[in-house]
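Have a look at the structure below before the remarks.
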Amino acid sequence: MTVLEYRPPSSGDILSVAARMRDADVLEVAAACGDSPLEALLKSCNDADAVFCIVLDGHPEGIFGVSYAGGLGATVWLLGTDALANIPRLMVTETRRITDDWRDRFAVLHNFVDDSNEVSKRWLAAVGFSFSEPVPYGPSQVPFRYFYKIGHV
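Here's what the structure looks like:
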């Protein structure tokens, strides 16, 4: 049985997840902002109002958070390793629970996803996010989709 826990990410957690980040997330980060996995995690963790490490069976396998910069919306994000694909139902259940809780605090949860990142798009749809049509995004202007979930506030 898989044991799932959350904790604030340590520097070791960030280094571990960055070193083993799934290829689709590495490519998405590079296309979105040109950052390495480590740079993306450090910036995202630093900017987050709430950030957590996903620990599976004692190993850090993902880091996610929410960042509020004012206004009505908050940016949600998750970067992880291939191990997260081994628990798809648990990931959907847990992220739906967490994002539904955040919807009580923010009018809109949103971000962009690489249009070629099919696994992430399926997961986001299963969690209840809606999508725009693809738009050019990031320094490379590759197709990304804006995704959003309307809050309860």
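Mind the numbering: the sequence shown is residues 9 to 161 in the numbering used here, read in order.
Glycine included, each C-beta is placed from N, C-alpha and C at the ideal position.
Here residue 73 is buried. Its C-beta has 16 or more other C-beta atoms within 10 Å. With a beta-carbon spacing of about 28 Å, residue 25 and residue 78 fall beyond the 8 Å limit used to define contacts. For residue 34, the closest alpha carbon among the candidates 124, 81, 9 and 101 is that of 124.
Burial state of residue 59 is buried, judged by a 10 Å Cβ sphere holding 16 or more other Cβ atoms.
Residue range 96–111 is occupied by the alpha helix (DSSP H) that includes residue 107. DSSP places residue 65 in the coil class of the three-state scheme, outside both helix and strand. For residue 159 against residue 114, the beta-carbon gap comes to about 5 Å, under 8 Å, which counts as contact.
The beta carbon of residue 132 lies closer than 7 Å to those of 121 and 155 in the same chain, with the five residues before and after it left out.
With a cutoff of 8 Å on beta-carbon distance, residue 17 and residue 41 are scored as not near each other. Per the C-alpha coordinates, the member of 12, 50 and 32 positioned closest to residue 62 is 12.
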